[in-house]
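Each remark here refers to the structure printed beneath this line.
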Amino acid sequence: MMLLSAEMEPRLFDLDWQLLADATLTLIAVIALFFFLSYFLFNPAREFMNKRQEKIKDELNEARKSQEEAAALKAQYEDKLKNIDKEAEGILSAARKKAIDNEASIVAKAKEEAHSIVERAGAEAEQEKLRVKDDVKKEMINVASAVAMKAVAGSMDISVQENLVDETLKEMGESTWLS
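If you read the sequence shown in the numbering used here, its first letter stands for residue 5, the second for the next number, and so on.
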């Protein structure tokens, strides 16, 4: 009886043909479902992930390039900042040179104008000297005619005439005759 009762007892895990067929069909269904899901769900997800990975890679490359460009620009600006003092000194030296040139030009013009003024003053002095000489000559003529009138009027003798000429010369001064 024991054998019979052991056969009759339900077992927890019984391997019979029906179970094997169900397991095989379930396994085929799971594999088919896996391929179906793989094709319609996993492949698009993989493609999306690959595209996203490529996009991130591109963005990282672009960011790296931008960072390199920024570093190059920074180095370039630092060089410009270093050279700005030299450029400023160059501009200042050019301005100084231009100012010195302008100063030299102004001084040359002033000297030329001063020379012109001196020449004009010399010419005016020469003209004034000639005018004074003419005035002196006219005065001498007037004095001589006055002496002649006195001589004629008074019938003077030679000693009186000599005295009159000497007096006239003294009145006119010796400097008039020397110039």
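Every residue, glycine too, gets a C-beta built ideally from N, C-alpha and C.
Margin query: Could you tell me the alpha carbon to alpha carbon distance between L7 and F40, rounded to whole angstroms?
Written below: Here residue 7 corresponds to residue number 3 of the sequence shown, with the count starting at 1. Here residue 40 corresponds to residue number 36 of the sequence shown, with the count starting at 1. Residue confidence for L7 is low, a pLDDT of 49 falling below 50, so the modelled location carries little weight; the figure read from the coordinates is stated next. In a straight line, the C-alpha of L7 is about 48 Å away from that of F40.
Next item on the list: State the Cα-Cα distance for the pair S70 and D89, rounded to the nearest angstrom.
Entry: By one-based count along the sequence shown, residue 70 stands at place 66. By one-based count along the sequence shown, residue 89 stands at place 85. So the two alpha carbons sit approximately 29 Å from each other.
Item checked: A150 versus K133: straight-line alpha-carbon distance, rounded -> Within the sequence shown, the letter at position 146 stands for residue 150. Within the sequence shown, the letter at position 129 stands for residue 133. If I take the Cα positions, the gap works out to 25 Å.
Next item on the list: May I have the straight-line CA-CA distance separating A98 from A75, to the nearest angstrom?
Entry: As a working note, residue 98 is residue 94 in the sequence shown. As a working note, residue 75 is residue 71 in the sequence shown. A98 and A75: Cα-Cα distance of roughly 34 Å.
Notebook entry, point to check: Helix, strand or coil: how does DSSP classify K174 here?
Noted result: On the sequence shown, position 170 is the one that residue 174 refers to. Looking at K174 - three-state DSSP - the assignment turns out to be helix.
Notebook entry, point to check: How long is the line joining the alpha carbons of K102 and L85, rounded to whole angstroms?
Noted result: In the sequence shown, residue 102 corresponds to position 98, counting from 1. In the sequence shown, residue 85 corresponds to position 81, counting from 1. Approximately 26 Å, taken between the alpha carbons.
Check: Does V164 get closer than 8 Å to chain D when you measure Cβ to Cβ?
Finding: Within the model displayed, chain D is absent; a lone protein chain is all it includes.
Check: What three-state label does DSSP hand L19 in the structure shown?
Finding: Position 15 of the sequence shown holds residue 19. Reduced to three states, the DSSP call for L19 is coil.
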